[in-house]
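Going by the working numbering, the first residue of the sequence shown is number 18, and it counts up by one from there. A virtual CB, placed ideally from N, CA and C, is assigned to each residue, including glycine.
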Amino acid sequence: PPPTPQVEENALIGATALGEEGFHVVLVKPRSGSPANHVVMIVDDDAPTAELAALVLRKAGYQAVVALSPKDAARLMSRVGAPELLLLDVEMPEMNGLEFLRRIRRHKHLFDTPVVLFTAHAAQVDIVRGLQAGADGYIAKPISASALVAAVRTVLGH
Numbered sequence: 018p019p020p021t022p023q024v025e026e027n028a029l030i031g032a033t034a035l036g037e038e039g040f041h042v043v044l045v046k047p048r049s050g051s052p053a054n055h056v057v058m059i060v061d062d063d064a065p066t067a068e069l070a071a072l073v074l075r076k077a078g079y080q081a082v083v084a085l086s087p088k089d090a091a092r093l094m095s096r097v098g099a100p101e102l103l104l105l106d107v108e109m110p111e112m113n114g115l116e117f118l119r120r121i122r123r124h125k126h127l128f129d130t131p132v133v134l135f136t137a138h139a140a141q142v143d144i145v146r147g148l149q150a151g152a153d154g155y156i157a158k159p160i161s162a163s164a165l166v167a168a169v170r171t172v173l174g175h
């Protein structure tokens, strides 16, 4: 289906925010508690990028776990439960991040988990696709530590 006017407006704002701030977040319910009580799962097939993001978040006081594929993320979530936030790469070999996001949005226990796409694909059309799939925000690659922490704090309400 074609994007709704709201999705197009959010994408336009998001493209501007990405250029200025390095991240964009849309309509998120704040979570309560300290950062140490929040688990952020990073799903990215590029291990160095995922580990760097995890390190940055741990230094900011968050619990961070890494999954190198959507399949690994699903296994991890079945063992330890849903994280408070998923940072999800879009381009992965086994399953596209947007398809994984669509599956998350259809899952009875995961549908309301905040998901921020973590991607080099940050043009307005990419943001529209992500928002249509159910993303709550975008973080542009290459990562900026300050943008990553700011986006996570925004989503988790800190």
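- About 5 Å separates the beta carbons of A84 and V60, which is inside the 8 Å limit, making them a contact pair.
- In this structure, the beta-carbon distance from H55 to L148 does not fall below 7 Å.
- Contact annotation: V133 and G154 have beta-carbon atoms nearer than 7 Å.
- Looking at the backbone, the Cα of D143 and that of E111 are separated by about 20 Å.
- In the structure shown, V107 adopts coil according to DSSP, grouped into three states.
- Look at F117 here: in three-state DSSP terms it is helix.
- Taken in chain order, the unbroken stretches of alpha helix (DSSP H) that lie wholly in the segment 136 to 167 and span 4 residues or more are 141 to 150.
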